[in-house]
Amino acid sequence: MRSRTSKSWPGLLTMALAVCLWGCGEGLTNSTGQNPSSILEQARLGVPVVGQPSAASPETGTAPKTEGSLIYFYQRADFDEAFPGLQVEDFEEGNIGDGQILGCSQPLNEHTDNDCFEPGDILPGIEILTNNDHGGLELALVGPDFFYNPSKNIAVTSCPDALILEFPDGRVNGLGLDLISYFTEEYFEIEIIGEDGFQAFTQAFAGNSGRFWGFASEVLISQVIITSPTDQSEAVDNIAFNSIDGTSEFLTVEIDIKPGNDLNTIRLGAKGNIPVALLSMNGFDATVVDPNTVTLGNDDGNDTPVAAKRNISILERTEDIDGDGDEDLVLHFSQAQLEENGDLHSETVELFLRGMLEGGLVFRGSDIVRVKTGRH
Numbered sequence: 002m003r004s005r006t007s008k009s010w011p012g013l014l015t016m017a018l019a020v021c022l023w024g025c026g027e028g029l030t031n032s033t034g035q036n037p038s039s040i041l042e043q044a045r046l047g048v049p050v051v052g053q054p055s056a057a058s059p060e061t062g063t064a065p066k067t068e069g070s071l072i073y074f075y076q077r078a079d080f081d082e083a084f085p086g087l088q089v090e091d092f093e094e095g096n097i098g099d100g101q102i103l104g105c106s107q108p109l110n111e112h113t114d115n116d117c118f119e120p121g122d123i124l125p126g127i128e129i130l131t132n133n134d135h136g137g138l139e140l141a142l143v144g145p146d147f148f149y150n151p152s153k154n155i156a157v158t159s160c161p162d163a164l165i166l167e168f169p170d171g172r173v174n175g176l177g178l179d180l181i182s183y184f185t186e187e188y189f190e191i192e193i194i195g196e197d198g199f200q201a202f203t204q205a206f207a208g209n210s211g212r213f214w215g216f217a218s219e220v221l222i223s224q225v226i227i228t229s230p231t232d233q234s235e236a237v238d239n240i241a242f243n244s245i246d247g248t249s250e251f252l253t254v255e256i257d258i259k260p261g262n263d264l265n266t267i268r269l270g271a272k273g274n275i276p277v278a279l280l281s282m283n284g285f286d287a288t289v290v291d292p293n294t295v296t297l298g299n300d301d302g303n304d305t306p307v308a309a310k311r312n313i314s315i316l317e318r319t320e321d322i323d324g325d326g327d328e329d330l331v332l333h334f335s336q337a338q339l340e341e342n343g344d345l346h347s348e349t350v351e352l353f354l355r356g357m358l359e360g361g362l363v364f365r366g367s368d369i370v371r372v373k374t375g376r377h
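All residue numbers in the sequence shown are consecutive under this note's numbering, ending with 377.
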């Protein structure tokens, strides 16, 4: 293994890189109205600087919202609920100390082998780069407490540049990360590019210590371009992304089998249908789901479709089942067909509901059931 040593400022960067990065803070003033000779010095001394982190960003506490084929998230807890168990790229394997900066050549990926990272330090499936070449100093690995940032992160070194996240396989339907702005907090402009020419544009707030932003997409995404409209240095941290070939292949949703029956008791051999509520939550609108894509069963790939009336129409209705003010979708499934299909039997303890949104994004939810046999 190659031996690497971490250097302290200013030996970490060439003078050209230092000028680029400090140029992002040009025009900032401290509490006395004077231009600071060094943003790093001001931050370390604790002298207030115009542009230091605000108590709360405009998105603090904002619920997820839907725009077209995308659901945007502004709290990591909401994103994690939709995409549980994802690995997070936090750059903590990077060769950098507290308050330090190290120039890195682009792109950064699982094969990177330079002063910043060794092969395997970056998660597979993602590349980080900029839209310009700067002779091997396009990106900076920033150490904790450089400018209010709590942990290692990656920033562009030339402020007019955009920070680009690429997914080489082009099969990502969810992304969540912390957006960091050096040095003035502001809204970043974000372009999301996907299959078949898909493009979406949005804005998200970036703070000195990071602000969460993420999305779930019906369209598979291959690239995200992050730009500062005022030429701050864009930085990212704690990146979680959901690849269709990765740990999860679906958006996690909530369902309620037999609404109003907390035990979800099902007696084998009973006639009729089993109602299942698909709940609207975290920007997910259950009422726009096509019931023809929905199945219920043991999640073996051959589950039972929604029951239909004799006139072929699907058994469905909308109703606010959980009392949160949002309309939910209630679907009915034939118990006889569930049993015949092997989805429901005496040892069943959980049933899974799957469906697909218009753009191809699969969702899945599950609920516990209590199966009884006989008359008592």
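The beta carbon of each residue, even a glycine, is placed where N, CA and C say it ideally should be. Because the structure is a prediction, the values reported are computed rather than measured.
Near D114, which residues of its chain fall below 7 Å by C-beta distance, leaving aside the five closest residues on each side in sequence?
P120
Cβ distance (whole Å) where D219 is taken to contact E359 below 8 Å:
According to the sequence shown, residue 219 is Glu rather than Asp. Indeed they touch by this definition, with Cβ atoms about 6 Å apart.
T203 in three-state terms, based on DSSP
Reduced to three states, the DSSP call for T203 is strand.
CB-CB length for F353 against G298, believed under 8 Å
6 Å
Roughly how many angstroms separate the alpha carbons of N379 and L280, rounded to a whole number?
An answer regarding residue 379 cannot be provided, because it is not within the stretch 2 to 377 covered by the chain.
With respect to the alpha helix (DSSP H) encompassing A278, which residues constitute its N-terminal and C-terminal limits?
Run containing A278: none in the alpha helix (DSSP H); it sits in the beta strand (DSSP E), N274 to L279.
Exposure of L264, with buried meaning 16 or more beta-carbon neighbours within 10 Å
exposed
Which residues in the same chain as T305 place their Cβ atom closer than 8 Å to its Cβ, once the five residues preceding and following it in sequence are excluded?
Result list for T305: T296, L297, G298, F334, S335, Q338, L339, N342 and D344, in chain order.
Quick check: the Cα distance between I222 and I193, rounded to an integer number of angstroms?
7 Å
List the whole-angstrom C-beta distance separating S182 from S229, where the pair is believed to meet the contact cut-off of C-beta under 8 Å.
Rounded, the Cβ-Cβ distance is 7 Å, consistent with contact.
Inter-residue CB distance, I378 and N293 (contact presumed, cutoff 8 Å):
Because the chain in this structure spans residues 2 to 377, residue 378 falls outside the shown range and cannot be described.
Between D91 and K373, what straight-line distance do the alpha-carbon atoms span, to the nearest angstrom?
48 Å
I think L166 touches Q88, with their Cβ atoms under 8 Å apart; what is that distance to the nearest whole Å?
L166 to Q88, Cβ: 15 Å. No contact.
Taking only runs that begin and end inside the segment 249-336, name each unbroken beta strand (DSSP E) of 3 or more residues, in chain order.
For the segment 249-336, the full-length beta strand (DSSP E) segments reaching 3 residues or more read 256-258, 266-268, 274-279, 296-298, 317-320 and 329-335 along the chain.
Endpoints, the beta strand (DSSP E) within which A78 is located
Secondary structure note for A78: it is in no beta strand (DSSP E), and the uninterrupted alpha helix (DSSP H) holding it is R77 to A83.
If you draw a straight line from the C-alpha of F148 to the C-alpha of G208, how long is it?
About 11 Å.
Below 9 Å between beta carbons: does that hold for V290 and F216?
no
Buried or exposed for D399, please, with buried defined as at least 16 other CB atoms from any protein chain shown within 10 angstroms of its CB.
Not covered by the structure: residue 399. The range shown for the chain is 2 to 377.
Entirely enclosed beta strand (DSSP E) segments - the segment 145-171, minimum 3 residues
154-157 and 164-167
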